[in-house]
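Colleague:
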Amino acid sequence: MTPDLLEQGARRVEERMKVLAQQGSQTASGGRSAGYGRLSQGEAVDTTHGRILYLEGVNVSFDGFKAINNLSLDIAPGELRCVIGPNGAGKTTMMDIITGKTRPDSGTVFFGSTIDLLRYKESEIAQLGIGRKFQKPTVFEQLTVFENLELALKTNKGVKASMFFKFDSAQGDRLAEILHTIHLADSLNRQAGNLSHGQKQWLEIGMLLMQDPKLLLLDEPVAGMTDEETERTAELFLSLKGKHSLMVVEHDMSFINTISDIVTVLCDGSVLAQGTLAQVQADERVIEVYLGR
Ligand SMILES: Nc1ncnc2c1ncn2[C@@H]1O[C@H](COP(=O)(O)OP(=O)(O)OP(=O)(O)O)[C@@H](O)[C@H]1O
Ligand SMILES: [Mg+2]
């Protein structure tokens, strides 16, 4: 990207942000629907059966140790599902399976009712519209907030497509809206390395949003955040719900309490309990294996 193009892009975003600011920042999410979906690269996900993600009877062993044990679970489109469970329960391994990083020994993993995820490579699964946020922020520290978001648009494209990539106005609108969503509207030209830990996490979520994922997997997103950052992250996730489907793994129960509808408790590689946080917290088995530890 030439400095010229970068400047043009940044100017367009700044102009767009002024308009959004005049409309009131709350309208940013309302306006998003116009831009959303246009850039979608994934093939259509068939959710007519009411499920965006479907796992059944999944098993994975590492050197004879069963990390995932007959795991079955499904998520509805637009749902924000929370997953909790003790250390070593298999939460991260489950995300590794969904995203193609780990191959299960047996079982079924479907994206919608027609896409068999076990047939795809990790990079293809990202292109199908499954975004993943690892615990540690992985933003480009030397680049600005704007450049990081702009780069995220290109990462899923082939070499040729990225060489001829031009930042169009729809993408500028989208970037401006995402900047509001991730609370970084005032930090467009700040170097990512100078952001706080929480802001880096938001920027990385923004980078995922630039690719318009249908399903977002977030592994311990508020670990290491201040209380205020955690609260703002809760607001952010609640604002994403409905537009995207989310699976959030966390140990922070007050955060889970703020954002959760249905909570799935994982233990020893399978689902131990599922329900509202109050329901699972009252479940004797959960108290014994998890909360009581
Ligand atoms: N590549 C691997 N090789 C060997 N064992 C592994 C591998 N990946 C995970 N495990 C083991 O599988 C089990 C599940 O690990 P996993 O990381 O999925 O747990 P988790 O629920 O994410 O825990 P935490 O809350 O601590 O992040 C653990 O006992 C872990 O040591
Ligand atoms: Mg983990």
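At position 163 of the sequence shown (counting the first as 1) the number is 144 in my numbering, and the numbers step up by one without a gap. Beta carbons: idealized from backbone N, C-alpha and C, even for Gly.
Residues in the same chain with beta-carbon distance under 8 Å from G18, minus the five sequence neighbours each way, listed in chain order, please.
Modeller: Your numbering for residue 18 matches position 37 in the sequence shown. Legend: pLDDT at G18 = 31, less than 50; position of this residue unreliable, value from coordinates given subsequently. Within the same chain, G18 has close Cβ partners D193.
Colleague: Does the beta-carbon of I268 have 16 or more other beta-carbons within 10 angstroms, so that it is buried, or is it exposed?
Modeller: Counting from one through the sequence shown, the residue named residue 268 turns up at place 287. Classification of I268: exposed, given that the 10 Å Cβ count is below 16.
Colleague: State the DSSP-derived secondary structure class of I243, mapped to helix, strand or coil.
Modeller: Sequence index remark: in the sequence shown, residue 243 carries index 262 (1-based). In the structure shown, I243 sits in coil (DSSP, three-state: anything other than H, G, I, E or B).
Colleague: Quick check on DSSP: helix, strand or coil for K117?
Modeller: Residue mapping note: residue 117 aligns to position 136 of the sequence shown, counting from 1. Of the three classes helix, strand and coil, the one that applies to K117 here is coil, per DSSP.
Colleague: If you measure from the CB of F236, is any heavy atom of ligand 1 nearer than 7 Å?
Modeller: Counting from one through the sequence shown, the residue named residue 236 turns up at place 255. It does not: the Cβ of F236 is nowhere closer than 7 Å to a heavy atom of ligand 1.
Colleague: Would DSSP call D167 helix, strand or coil?
Modeller: Here residue 167 refers to the residue found at position 186 of the sequence shown. Helix.
Colleague: Are E105 and T80 touching if we call contact CB-CB under 8 Å?
Modeller: Stepping through the sequence shown from its first residue, residue 105 is reached at position 124. Stepping through the sequence shown from its first residue, residue 80 is reached at position 99. Not a contact, by the Cβ cut-off of 8 Å.
Colleague: Ligand 1: which residues have Cβ under 6 Å from any of its heavy atoms, chain order?
Modeller: Matched residues: F43, A48, G66, N68, G69, A70, G71, K72, T73, T74.
Colleague: Could you tell me which uninterrupted alpha helix (DSSP H) segments, each at least 4 residues in length, are contained entirely in the region 196 to 225, listed from first to last along the chain?
Modeller: If we require 4 residues or more, the alpha helix (DSSP H) runs fully inside the region 196 to 225 come out as 208 to 221.
Colleague: How far does the beta strand (DSSP E) with Q255 in it extend, from its first residue to its last?
Modeller: Residue 255 sits at position 274 when you count from the first residue of the sequence shown. It spans 251 to 256 - the beta strand (DSSP E) in which Q255 sits, taken as one unbroken run.
Colleague: Answer yes or no: the CB of D233 versus the heavy atoms of ligand 2, is any distance below 7 Å?
Modeller: Walking along the sequence shown from the start, residue 233 turns up at place 252. Checking every heavy atom of ligand 2 against the Cβ of D233, none is found closer than 7 Å.
Colleague: If you count every other CB in all the chains shown that lies within 10 Å of the CB of L196, and 16 or more means buried, which is it?
Modeller: Along the sequence shown, read from residue 1 onward, the residue named residue 196 stands at position 215. That one is buried.
Colleague: Would you tell me roughly how many angstroms separate the C-alpha atoms of N170 and R113, rounded to the nearest one?
Modeller: Counting from one through the sequence shown, the residue named residue 170 turns up at place 189. Counting from one through the sequence shown, the residue named residue 113 turns up at place 132. Whole-angstrom Cα-Cα distance: 25 Å.
Colleague: Can you find the residues in the same chain that come closer than 8 Å, C-beta to C-beta, to Y101, ignoring five residues on each side of it along the sequence?
Modeller: Taking the first residue of the sequence shown as 1, we reach residue 101 at position 120. Answer for Y101: G81, L109, listed in chain order.
Colleague: Report yes if the C-beta distance between S87 and H30 is below 8 Å; otherwise report no.
Modeller: Here residue 87 is taken as the residue at index 106 of the sequence shown, counted from 1. Here residue 30 is taken as the residue at index 49 of the sequence shown, counted from 1. No, they are not a contact pair.
Colleague: Determine the extent of the alpha helix (DSSP H) in which I186 is found, giving its start and end residues.
Modeller: Residue mapping note: residue 186 aligns to position 205 of the sequence shown, counting from 1. Counting along the chain, the alpha helix (DSSP H) containing I186 begins and ends at 178 to 191.
Colleague: Expressed to the nearest angstrom, what Euclidean distance is found between the alpha-carbon atoms of N129 and I159?
Modeller: Against the sequence shown, residue 129 aligns to sequence position 148. Against the sequence shown, residue 159 aligns to sequence position 178. Cα to Cα, N129 sits roughly 12 Å from I159.
Colleague: Specify the secondary structure class of S312 as computed by DSSP and reduced to three states.
Modeller: What the structure shows of the chain is the stretch from -18 to 274, and residue 312 is not part of that stretch, so it cannot be assessed.
Colleague: Looking at the structure shown, is T28 part of a helix, part of a strand, or coil, going by DSSP?
Modeller: Translated into positions along the sequence shown, residue 28 becomes position 47. Coil at T28, not helix or strand.
Colleague: Taking the runs of the beta strand (DSSP E) that are 3 residues or longer, which of them lie wholly in the region 62 to 132?
Modeller: Runs of the beta strand (DSSP E) inside the region 62 to 132: 87 to 92, 111 to 114.
Colleague: What's the C-alpha gap between S6 and T211?
Modeller: As a first step, residue 6 is located in the sequence shown; it is residue number 25 there, counting from the start. As a first step, residue 211 is located in the sequence shown; it is residue number 230 there, counting from the start. With a pLDDT of only 39 at S6, under the threshold of 50, the placement of this residue in the model should not be trusted, and no figure is reported.
Colleague: Can you give me the C-alpha to C-alpha distance between D208 and Q260, rounded to a whole angstrom?
Modeller: Against the sequence shown, residue 208 aligns to sequence position 227. Against the sequence shown, residue 260 aligns to sequence position 279. The straight-line gap from Cα to Cα measures roughly 25 Å.
Colleague: Assess, as a yes-or-no matter, whether the region 214 to 229 is touched by the region 37 to 47 under the definition of 3 or more beta carbon pairs within less than 8 Å.
Modeller: Contact between the region 37 to 47 and the region 214 to 229 is absent, because fewer than three Cβ pairs lie under 8 Å.
Colleague: Return the Cβ separation of L227 and L61 in integer angstroms, given the expectation that the two are a contact with Cβ distance under 8 Å.
Modeller: Your numbering for residue 227 matches position 246 in the sequence shown. Your numbering for residue 61 matches position 80 in the sequence shown. About 5 Å; that satisfies the 8 Å criterion.
Colleague: Assuming G153 is part of the alpha helix (DSSP H), what are its boundary residues?
Modeller: The residue labelled residue 153 in the question sits at position 172 within the sequence shown. It spans 150 to 162 - the alpha helix (DSSP H) in which G153 sits, taken as one unbroken run.
Colleague: Using 10 angstroms around the beta-carbon of F92, count the other beta-carbons present and answer buried if the total reaches 16, otherwise exposed.
Modeller: Taking the first residue of the sequence shown as position 1, residue 92 is located at position 111. Label assigned to F92: buried.
Colleague: Once DSSP output is grouped into helix, strand and coil, what is the label at E265?
Modeller: For the purposes of this step, residue 265 is taken as the residue at position 284 of the sequence shown. If DSSP states are grouped into helix, strand and coil, E265 belongs with the helices.
Colleague: Identify the continuous beta strand (DSSP E) that holds N40 and give its terminal residues.
Modeller: Translated into the one-based positions of the sequence shown, residue 40 becomes position 59. Here the beta strand (DSSP E) through N40 covers 34 to 43.
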